[in-house]
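A.B. asks: Residue numbers (full-length UniProt numbering): 1 to 663.
In this text, a Cβ means the ideal position worked out from N, Cα and C, and glycines have one as well.
#1: On the three-state DSSP scale, how would you describe residue 441?
#2: Nearest-angstrom Cα distance between residue 414 and residue 226?
#3: Does the Cβ-Cβ distance between residue 335 and residue 298 come in under 8 Å?
#4: So, is residue 218 buried or exposed, given that buried needs 16 or more other C-beta atoms within 10 angstroms?
#5: Give me the Cα-Cα distance between residue 525 and residue 329, rounded to the nearest whole angstrom.
#6: Taking 7 Å as the cut-off, is the C-beta of residue 236 nearer than that to any heavy atom in the ligand ADP?
#7: Considering Cα atoms alone, identify which of 397, 546, 393 and 376 is closest to residue 439.
#8: For a quick check, are the C-beta atoms of residue 256 and residue 279 less than 8 Å apart?
#9: Select from 287, 292, 271 and 296 the residue whose C-alpha is nearest the C-alpha of residue 322.
#10: Pick out the complete beta strand (DSSP E) segments inside the segment 581 to 651, 3 residues or longer, and give them in chain order.
#11: For the alpha helix (DSSP H) containing residue 222, name the first residue and the last one.
#12: Where are the alpha helix (DSSP H) runs, 4 residues long or more, that stay fully inside the UniProt domain "Disease resistance R13L4/SHOC-2-like LRR" (322 to 468), in chain order?
#13: For residue 202, does the three-state DSSP call read helix, strand or coil?
#14: Whose C-alpha, out of 434, 463, 449 and 432, is nearest the C-alpha of residue 441?
#15: Is residue 156 closer than 8 Å to residue 178 when the C-beta atoms are compared?
#16: What first and last residue would you give for the alpha helix (DSSP H) that runs through residue 253?
#17: Assess, as a yes-or-no matter, whether the segment 344 to 352 is touched by the segment 184 to 196 under the definition of 3 or more beta carbon pairs within less than 8 Å.
#18: Given a threshold of 16 other Cβ atoms within 10 Å of its Cβ, counted over all protein chains shown, does residue 67 qualify as buried or as exposed?
#19: Buried or exposed: which applies to residue 84, given that a residue is buried once 16 or more other Cβ atoms fall within 10 Å of its Cβ?
#20: Using the rule of at least 16 other Cβ atoms within 10 Å of the residue's Cβ for burial, across every protein chain shown, is residue 375 buried or exposed?
#21: Based on the DSSP output, what are the partners of residue 217 in its beta bridges?
#22: Mapping DSSP to helix, strand and coil, what is residue 579?
#23: With distances taken between CB atoms, is the gap from residue 624 to residue 598 smaller than 8 Å?
#24: When the Cα atoms are used, what is the spatial distance from residue 326 to residue 350?
#25: Can you tell me where the alpha helix (DSSP H) with residue 96 in it begins and where it stops?
#26: With 16 other CB atoms within 10 Å as the buried threshold, where does residue 367 fall?
#27: Between residue 574 and residue 549, how many whole angstroms is the CB-CB distance? I'm expecting something under 8 Å.
#28: Which residues share a DSSP beta bridge with residue 159?
#29: Does the segment 350 to 363 come into contact with the segment 377 to 384, if we say contact requires no fewer than three beta-carbon pairs (one atom in each stretch) closer than 8 Å?
#30: Under 7 Å Cβ to Cβ from residue 162, same chain only, skipping five residues before and after it: list those, please.
#31: For residue 511 and residue 19, I'd like the C-alpha separation in whole angstroms.
#32: Distance, Cα to Cα, residue 209 vs residue 203?
#33: So, is residue 340 buried or exposed, given that buried needs 16 or more other C-beta atoms within 10 angstroms?
#34: So residue 145 is in the alpha helix (DSSP H); what residue range does that whole segment cover?
#35: Which of the three DSSP states, helix, strand or coil, is assigned to residue 192?
#36: Please tell me whether residue 443 and residue 410 are closer than 8 Å, where the distance is taken between their beta carbons.
Shown next, in the form of structure tokens:
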């Protein structure tokens, strides 16, 4: 049985509290509405109990929970005095429909002590031509061509060979692996190698439809087979006859977790101690002995989490650590440079010994839904360049010491915490991160004036993502929202409620609160909310965002107009403007001002109503537009996929990428 902090159970618990908050915030409701609230609450409790006992259908249920969260946000974002009963009824019916759909998912019988069987690795299928190539005399020549590549390029190719045939591989994840093994020194070095592999025809580049850059790649089956032969010869990695990485890492010191491998079985103690790289290719349920990391002093690369993009096709790829006691030995891995737990369930915290990983360059914790806190002295990891804690729903603050990470270049999922707590890192502290290039921020309140100024000082930031939660109404008590003097924070109250439900059979009364779920971008995603005071809109000064900003991504902004501190004429280098989610936004045009952006993406903006002509008046340099689920923009001249390009020609590679990334 999953603990109460399992991701699906936790999300439902938080939605229950938000539902209670809706009922209280709306005051006295007609009796029929009160009955509907009670019925919906009972259905959510039933669903929570179902998933608490069996998680095999969790991903399907999560799709419906995303709809529930959005409907609750719709209700909460509407002033109770002007609330239309029909509007309320429509949203309650949508919630009820989504819950009923989730409840109809069959629950498989499950023995919690039994190892969950995983699907067998699919066999590789070679075409007739590919089989003939392997039989020909040219095969030996091709192997020689690969073997004569410079060592750096050859090792880069060998890492790509571990992935399944025709898999879509994210370029950035490859870079992190290469840096972990010292194959490359930095990201620019990685880009150079990646481009060379494309130029030599070893990998197929894949673009996104709205972008000219190569973000992903694929490798053909016969080329992968070629690389496997050479990788075996070079002892880079051992493969079995079927083309899958084997369990023997005596020579290679590298191990790939796959569905058929239950545990690590070292051939001898020396091989176990000298293991340098562990990469999870397809394992869903990870079981490691508590002392597994005790002797891993040589390990530089550990990727136990997800590597695939979470598309509809791959939602089944839930990854779970059955027992995380092995993490206690993490501090022994003093040479570790790359650590990824991306998308792993049941990792609630990292041990404080993580602070000893002074050589760590990349820490990827994205979508660790149970992660509650980071090590308090995370600032000790002085060489850290990349930190991703986005989609960590229980993380309510970032430790103050993060501001000591002077080498940090990418920070994703920064939580705007309680500004009165001296142990929480604030936006103003980020000014110390002189090398920061990419930043994503989650906030559940309006920005304070000093926070706006702090954002504007980040001169090297070229990419900025801001996700808003449900902003606290000014008419509501600030102390209750922010966890004022003598009051527990919302997150602490939430965590206590979740844990209490695991040990008590009766429902516990909980003070109403609001949480947040971000818009669904072709999949259900949710964003942790942080509480705080509001800053009256009229008192917001005109603030400049980072002056060198090239990409601005605004999510779940819930007002009719963009805030006045977003001034397009002060963003001269802006190339891409993305907006997704937000039920109130009606226009992107600002009187007398123009945007420099050439790419515009709008998604889930149901009230956006700019005409095509007014859009081009405000965006005179526009080259590409993508729209999705924007009901009032049906007159925009986009194709069936919601895409428009100034030149009536879209590259074939872009079309391919579109099919892969959005299906």
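C.D. replies: In short:
#1: Strand, per DSSP.
#2: Those two C-alpha atoms are separated by around 43 Å.
#3: Less than 8 Å separates the beta-carbon of residue 335 from that of residue 298.
#4: Buried, because 16 or more other Cβ atoms sit within 10 Å of the Cβ of residue 218.
#5: Low confidence applies here, because residue 525 scores a pLDDT of 36, under 50, leaving its location unreliable; read the following figure in that light. Distance from the CA of residue 525 to the CA of residue 329, rounded to the nearest whole angstrom, comes to 32 Å.
#6: The ligand content of the structure shown is nil, which means the ligand ADP is not present either.
#7: Looking at the Cα atoms, 546 is the closest of the given residues.
#8: Closer than 8 Å, so yes.
#9: The option with the nearest alpha carbon to residue 322 is 287.
#10: Segments of the beta strand (DSSP E) lying fully in the segment 581 to 651: 599 to 603, 624 to 628 and 643 to 645.
#11: Segment 221 to 233, the alpha helix (DSSP H) holding residue 222.
#12: Listed in chain order, the complete alpha helix (DSSP H) runs (minimum 4 residues) inside the UniProt domain "Disease resistance R13L4/SHOC-2-like LRR" (322 to 468) are 449 to 456.
#13: Three-state DSSP puts residue 202 in coil, outside helix and strand.
#14: Selected option, being the one with the closest Cα: 463.
#15: Their beta carbons are under 8 Å apart, which means residue 178 touches residue 156 by this criterion.
#16: Counting along the chain, residue 253 sits inside no alpha helix (DSSP H), nor does DSSP assign it H or E at all.
#17: With a cut-off of 8 Å, the segment 344 to 352 and the segment 184 to 196 do not count as touching, because too few Cβ pairs lie within range.
#18: Under the 10 Å beta carbon count, residue 67 is surrounded by 16 or more other beta carbons and is classified as buried.
#19: Burial state of residue 84 is exposed, judged by a 10 Å Cβ sphere holding fewer than 16 other Cβ atoms.
#20: For residue 375, the number of other beta carbons within 10 angstroms of its own is at least 16, and it is reported as buried.
#21: In DSSP, residue 217 forms a bridge with 169 and 205.
#22: Note: residue 579 maps to strand in three-state DSSP.
#23: Yes, these two residues count as a Cβ contact at 8 Å.
#24: The straight-line gap from Cα to Cα measures roughly 11 Å.
#25: 85 to 103 is the span of the alpha helix (DSSP H), which, as asked, contains residue 96.
#26: With 16 or more other Cβ atoms within 10 Å, it is buried.
#27: Contact flag correct, Cβ pair sits at about 6 Å.
#28: As computed with DSSP, residue 159 is found in no beta bridge at all.
#29: The answer is yes - the segment 377 to 384 touches the segment 350 to 363, with three or more Cβ pairs under 8 Å.
#30: Same-chain partners within the cutoff: 237, 245, 256, 279 and 281.
#31: Residue placement at residue 511 cannot be trusted, given a pLDDT of 30 that sits under 50; what the coordinates show is reported in the next sentence. Whole-angstrom Cα-Cα distance: 11 Å.
#32: CA-CA distance, residue 209 to residue 203, rounds to 19 Å.
#33: Residue 340 counts as buried, since no fewer than 16 other beta carbons sit within 10 angstroms of its beta carbon.
#34: Following the DSSP letters along the chain, one finds residue 145 inside the alpha helix (DSSP H) bounded by residues 138 to 147.
#35: Three-state DSSP puts residue 192 in a helix.
#36: No, they are not a contact pair.
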